[in-house]
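Structure record follows, encoded as structure tokens.
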Amino acid sequence: MIKYESLIRYRDDDGKIVSPYFFLDIAENMGKMLKLSEIMIEKVIKKMV
């Protein structure tokens with residue numbers, strides 16, 4: 002395998018998809034980007050196996 006791409010999605014209380022443009026800035030300002038990255042990498046690895 003050469004690469005793997007993952008898209009992050011967030012659903013609001015109404016079930017509508019919120020663009021990463023809006024929630025990634027919030028996660029970064031809260032110091033949560035490392036944790037978010039860890040979760041994403043873990044999910045990608047689980048999908049690969």
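With the sequence shown counted from 1, adding 1 to any position gets you the working numbering. Glycine is no exception: its CB is placed at the ideal position from the N, C-alpha and C atoms. All of these numbers come straight from a predicted model, not from anything done at the bench.
Asked	Found
Express the C-alpha separation of Ile9 and Lys33 in angstroms, rounding to a whole number.	14 Å
For Glu43 and Glu6, what's the separation of their Cα atoms in angstroms?	13 Å
Can you give me the C-alpha to C-alpha distance between Leu37 and Asn30, rounded to a whole angstrom?	13 Å
Using only the alpha-carbon positions, how far apart do Lys48 and Asp26 sit?	26 Å
Just reading off the alpha helix (DSSP H) that Asp26 is part of, what are its end residues?	21 to 30
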